[in-house]
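> Structure incoming, see below.
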Amino acid sequence: MTDDRTAKTLRSIAPYLADWASFQAAYHGMPGLQLAVGRRGEVFVDLAWGTANLETGESLTSDHLFRVASHSKTFTTVIVMRLVEHGKLRLDDAVGELVPELDGSAAAGITVRELLGHQAGLVRDSSDGDFWQHRRPFLDRAQVLECVRREGVVFEPNEHFKYTNIGYSLLGIIIEEVTGKTYDEMARVAVIEPLGLTRTGTELDPARAAEYAAGHTGRIAHGDTRRVVPHVDTRAMAAATGWYSTALEMVRYGATHVLGDTTLLSDKSKRLVQREESRVVVRGAERGRYGVGMALGTIGDREVVGHSGGYPGHITRTWIDPVDGLVVSSLTNSVDGIADQIATGVIHLINLALAAADDVAASAAGGEPVPPVPDDAPVGRFANLWGVADVVDLGGILHSINPRYARPDEQAQRLVVVGGRLVQEPVAGFSTVGEPVQVERDADGAVTAVRVGAMTSWPIDEFRARRA
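Residue numbering for the sequence shown follows UniProt numbering, starting at 1 and increasing by one per position.
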C-alpha cells in the first residue's frame, strides 16, 4: 500500500476510531480515556473522553497528565542506549563495576544488557511491594541498593526472563553514577528537550498537581463505587515507573522508535532494542515477548513494539509499528483500565480498513470489481434487543461491526452491492450472510430502522427511547 493511500484511509476512519474507543470505554465503565493515533508526523486521532476526576466531576482533556508507569522503562532504555552510542557505557559492563556499593555482592556480575532485557534474575519489587497500593513509600536509592544486596538475586543471569522493577531502578542509579547527573537531568537532555515535550516528565511534579488526571480504584463487582487514588513520588524507582505524559506526546515519542527516525537513537540501536531477546513460555503457552527494553507483539500482520504501564490508578498502553510508522497510545485512569484492549482494537480496525482499501485499489487496477459504497448507505450505530451494530465505511467498503467486541475485526462483516442490492457479503458463515440489508426511511430520507439480517435495529437513541 502506498503511503498516500494509507494516510488517506487513516484520515477517513479517524472519526470512527475515536467513536469506537469511546464506546469501549463507556461500555466497560472507565472514568476517562485519552487516545492518540499518529503516523509519520501526522496525528489522526487526539481523543479525550470521560472524566478526569470522578469526585470533582472534572472533564478529561487531551492536556491532562497520566502516569505512564512502565513506559518509563522505554525512556530509561533510550537514555542508556544514548550513553552506549556516545561511548559512556557498554552493554556488557557489570553492575559491580558501575555501582561501588554492589561490588562483591551476588549481583555484581549482572550486565547492563541483562538488566535492560529482564534477564538479570532480580526480584521484581522487593519482598515488600506494598508501595503499589500506597501502604509504604516507593524505595529510595539506599533501599533499592539494600534490596539488591540482601534479596535481589532470584535466578542466575539468563536462566529465565524475570520482569523486574528493581532492575530498572538500578539502571536509573547506573545512569547517575556514569554521568554524575540526576536521572531527571539526563532524561531532560536525552529525551524531553530533543523532542520539545512540555507535558512529559520523569516524576510527580507538585507544581503541576492540578494538571494530572486522578487515578481511580478498580471495581470488584459491577456496581462498586470508584475512589480516587492519590499520586505519589516513585523516588528511586522513577526509571522503572515514575514518568508522566499525555497520549499525544506518547505518540510523538513513539515515532522516534520508527526505523529511519534518528532523533533519539540510531537505527542500529533501535534494531538491538526491538530484536526479540526473550520469548516467555510457561508450560507450552506463550505469555509474551520482550526485546532490550521494549515489549514485542503481533497485531494482525504487524510486528509491533512498545510497552504497557500500570501505576496505582492508571493503566496505559502504547504500540508502535517501527516499519510502517503507525503509533497508537491509549491511557486510562482506573486500576482496571482497558488501555491495551483499546489500543490493540484500534490497530485491528486500522488493519481492517487498509485491507479493504487494498481490495478497492486492486479492483480499480483491473481486479475483481468492488462496487462503491452507495451514497445513501445506512451508516450509523443501531441497536436491538440483542445488541449494537455499527454500519461504517472502512477503506471504501461498508462494514457491519459490533462495537462491544474487543476484537472488532473478528466479527466484522462486509456489506456489498450485488445485483443492485446491498447485501451481507455472500461468503460462508454462521450469520445471515448473503441476505439483503433492509432499510426504512422517513419522508426526508433519514434512516429510521435497518435489518442487517432478520431483526430490526433502530438508531441507538431511538432504541433507547423505545426501551424506556
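Even glycine gets a Cβ: it sits at the ideal position worked out from N, Cα and C. None of these values were measured; they are calculated from a predicted model.
What's the gap between the Cα of A238 and the Cα of E303?
One-based indexing of the sequence shown puts residue 238 at position 238. One-based indexing of the sequence shown puts residue 303 at position 303. Between A238 and E303, the C-alpha separation is close to 28 Å.
> Three-state secondary structure (DSSP) at A449?
In the sequence shown, the residue the question calls residue 449 occupies position 449. A449: strand per DSSP, three-state reduction.
> Buried or exposed: E114, going by 16 or more other Cβ atoms within 10 Å of its Cβ?
Within the sequence shown, numbered from 1, the residue matching residue 114 stands at position 114. Answer is buried; the Cβ neighbour count reaches 16.
> In the DSSP assignment, find the alpha helix (DSSP H) that holds T179 and state where it starts and stops.
Locating residue 179 in the sequence shown gives position 179, where the first residue counts as 1. Taken as a continuous stretch (DSSP letters only), the alpha helix (DSSP H) holding T179 covers 165-179.
> May I ask you to list the residues that DSSP assigns as paired with G288?
As a working mapping, residue 288 is identified with position 288 in the sequence shown. Bridge partners of G288: V280.
> Which ranges would you report for the beta strand (DSSP E) in the segment 358-417 if only whole runs of at least 3 residues count?
You should have 380-384, 387-394, 397-401.
> Thinking C-alpha only, which one of A383, A412, A339 is nearest D21?
In the sequence shown, the residue the question calls residue 21 occupies position 21. Reading off the sequence shown, one finds Ala at residue 21, where the question assumed Asp. The option with the nearest alpha carbon to A21 is A339.
> Assuming the contact rule is C-beta atoms closer than 8 Å, L236 and I173 should be a hit. Round their C-beta distance to whole Å, please.
Residue numbering aside, residue 236 sits at position 236 when the sequence shown is read from its first letter. Residue numbering aside, residue 173 sits at position 173 when the sequence shown is read from its first letter. Looking at the sequence itself, residue 236 is Ala, so the reference to Leu does not match. Right, their Cβ atoms sit about 7 Å apart.
> Between which two residues does the beta strand (DSSP E) harbouring Q438 extend?
As a working mapping, residue 438 is identified with position 438 in the sequence shown. Counting along the chain, the beta strand (DSSP E) containing Q438 begins and ends at 437-441.
> With distances taken between CB atoms, is the gap from V78 to A190 smaller than 8 Å?
As a first step, residue 78 must be located in the sequence shown, where it is residue number 78. As a first step, residue 190 must be located in the sequence shown, where it is residue number 190. Result yes, Cβ atoms of V78 and A190 sit closer than 8 Å.
> Counting only the same chain and skipping the five closest in sequence on each side, list residues whose C-beta sits under 6 Å from that of S126.
Residue mapping note: residue 126 aligns to position 126 of the sequence shown, counting from 1. Hits under 6 Å: C147.
> Report the rounded CA-to-CA distance for F382 versus A412, giving the unit in angstroms.
Position 382 of the sequence shown, counted from the start, is the residue given in the question as residue 382. Position 412 of the sequence shown, counted from the start, is the residue given in the question as residue 412. Approximately 15 Å, taken between the alpha carbons.
> In whole angstroms, what is the alpha-carbon distance linking L394 and I13?
As a first step, residue 394 is located in the sequence shown; it is residue number 394 there, counting from the start. As a first step, residue 13 is located in the sequence shown; it is residue number 13 there, counting from the start. Taking the straight line joining both Cα atoms gives about 6 Å.
> How long is the line joining the alpha carbons of A210 and T318, rounded to whole angstroms?
Working through the sequence shown from its first residue, we reach residue 210 at position 210. Working through the sequence shown from its first residue, we reach residue 318 at position 318. Rounded to the nearest angstrom, the two C-alpha atoms are 24 Å apart.
> Considering just the uninterrupted stretch of the beta strand (DSSP E) at V95, what are its terminal residues?
The sequence position of residue 95 within the sequence shown is 95, counting from 1. Segment 95-98 is the alpha helix (DSSP H) holding V95; no beta strand (DSSP E) there.
> Since T111 contacts A94 with CB under 8 Å, what's their CB separation in whole angstroms?
Sequence index remark: in the sequence shown, residue 111 carries index 111 (1-based). Sequence index remark: in the sequence shown, residue 94 carries index 94 (1-based). T111 to A94, Cβ: 6 Å. Contact.
> Going by DSSP, name the residue or residues bridged to G420.
One-based indexing of the sequence shown puts residue 420 at position 420. Answer is none; G420 lacks a bridge partner.
> Do F138 and T234 have their C-beta atoms within less than 8 Å of each other?
Here residue 138 refers to the residue found at position 138 when the sequence shown is read from its first residue. Here residue 234 refers to the residue found at position 234 when the sequence shown is read from its first residue. A contact, by the Cβ cut-off of 8 Å.
> For residue 490, count neighbouring Cβ atoms within 10 angstroms of its own Cβ and tell me buried if that reaches 16, exposed if not.
Because the chain spans 1 through 468 in this model, residue 490 falls outside it and cannot be assessed.
> Taking 8 Å as the cut-off, decide whether the C-beta atoms of G300 and N351 are in contact.
The residue labelled residue 300 in the question sits at position 300 within the sequence shown. The residue labelled residue 351 in the question sits at position 351 within the sequence shown. Yes; because the gap between Cβ atoms is below 8 Å, this pair is in contact.
> Give the DSSP-derived three-state secondary structure of E425 in the structure shown.
By 1-based counting over the sequence shown, the position of residue 425 is 425. Note: E425 maps to coil in three-state DSSP.
> With three or more beta-carbon pairs closer than 8 Å as the criterion, would you say the segment 325-332 touches the segment 30-42?
Contact holds: three or more Cβ-Cβ distances are below 8 Å.
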